[in-house]
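Residue numbers (the UniProt record's numbering): 1 to 59. Don't be surprised by glycine CBs; every beta carbon is placed ideally from N, CA and C. Reviewing the structure listed below.
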């Protein structure tokens with residue numbers, strides 16, 4: 001029954017017990033950059049222009 005009053009506690013989300021870090025984990029079988037011994041921060045600095053170009057996609 002609706003009485004026109006908003007009751008915020010009436011609809012609450014249950015918070016599931018999440019144990020992951022929030023990232024999607026896909027096992028591609030390929031080692032990550034870190035596993036290959038590549039410094040990720042340095043890799044991003046060295047390839048920043050290419051990364052930005054790829055992010056923008058086809059124009």
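Is residue 53 near the ligand NAP, going by C-beta to nearest heavy atom under 7 Å? Looking for the ligand NAP in the displayed structure turns up nothing, as the structure carries no ligands at all.
Within its chain, find whatever has a CB closer than 6 Å to the CB of residue 29; leave out the 5 residues flanking it on each side and keep chain order. Shown here for residue 29: not one same chain residue has a beta carbon closer than 6 Å to its own, the five before and five after excluded.
Where do the N-terminal and C-terminal ends of the alpha helix (DSSP H) with residue 55 fall, by residue? 48-56
Spatial distance of residue 39 from residue 47 (CA atoms): Rounded to the nearest angstrom, the two C-alpha atoms are 12 Å apart.
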